[in-house]
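Quick note: the sequence shown uses the working numbering, first residue -7, plus one each step.
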Amino acid sequence: MGGEEFNYPILMQTSKGLPSTTFATQSLSYINNYSNSKPKIKQSVSRESGAGFTIIELLVVVAIIAVLTGIVVANTTQYINRGKDSSIQGSLSSLSTNASVYFDSVGDYTSLCSDPTVTNPLAAADKANDGNTTPDQVTDCDSNATEWRACGQLKVTSADYFCVDYSGAKKIVTAATCAGGDDTACP
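What follows is the structure in structure tokens.
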């Protein structure tokens, strides 16, 4: 039965628009399959097109925002620390001028590190580093009658210190050579 063929009439239109009857040959299996198939009903979707987002779309957007936020925060922190390093270096660099004025008025550097002309820039450097305005472990000042040195810890690389001294030297040194002690010259 599956391979039998037969002729059946098909109503068609001619080129002039008039009806015409013709015969076609088809496989009986095709007709059986066609007649047994159920008509497909288009199901309507309850939401309108573009009315919302899928969870996958939202997760992708959240992931992209998280990645961009991580990049921005990392770069912003780095730029803030570089700005703090510049502030520390600027505050300590002003000590060269302040120390010269102090020496001209007092005649030596013995009490230089306790004078406000030095403690104020040291406090500014300290505040730029850790928010504390009292000179502590991040800043250091040593002086004797003829020499002085001041150091401030930098933010980008905390093992580095910015050092200024009586000779006008301004350079970055390591913590071991700058913190503590009674040295009065930058190494």
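The beta-carbon is built from N, C-alpha and C at its ideal position, and this holds for glycine as well. No experiment lies behind these values; they were computed from the predicted model shown.
- With respect to C170, Y153 sits close: the two C-beta atoms are nearer than 8 Å.
- Runs of alpha helix (DSSP H) with 4 or more residues, each lying fully within the segment 67 to 141, are found at 108 to 122, listed in chain order.
- For T166, no alpha helix (DSSP H) segment is defined; the enclosing uninterrupted segment is the beta strand (DSSP E) at K162 to T166.
- Distance from the CA of N112 to the CA of S79, rounded to the nearest whole angstrom, comes to 13 Å.
- Excluding residues up to 5 positions away in sequence, P113, A117, A142, G144, F154 and V156 lie with their Cβ nearer than 7 Å to the Cβ of L84 in the same chain.
- N121 counts as buried, since at least 16 other C-beta atoms from the protein chains shown sit within 10 angstroms of its C-beta.
- According to the DSSP assignment, V156 belongs to the beta strand (DSSP E) that extends over D152 to D157.
- Beyond the five residues adjoining it in sequence on each side, F95 comes within less than 7 Å, by CB distance, of Y101 in the same chain, given in chain order.
- Judged by beta-carbon spacing, T176 lies within the 8 Å limit of D134, meaning their Cβ atoms are closer than that value.
- When only Cα atoms are considered, S150 and V93 end up about 31 Å apart.
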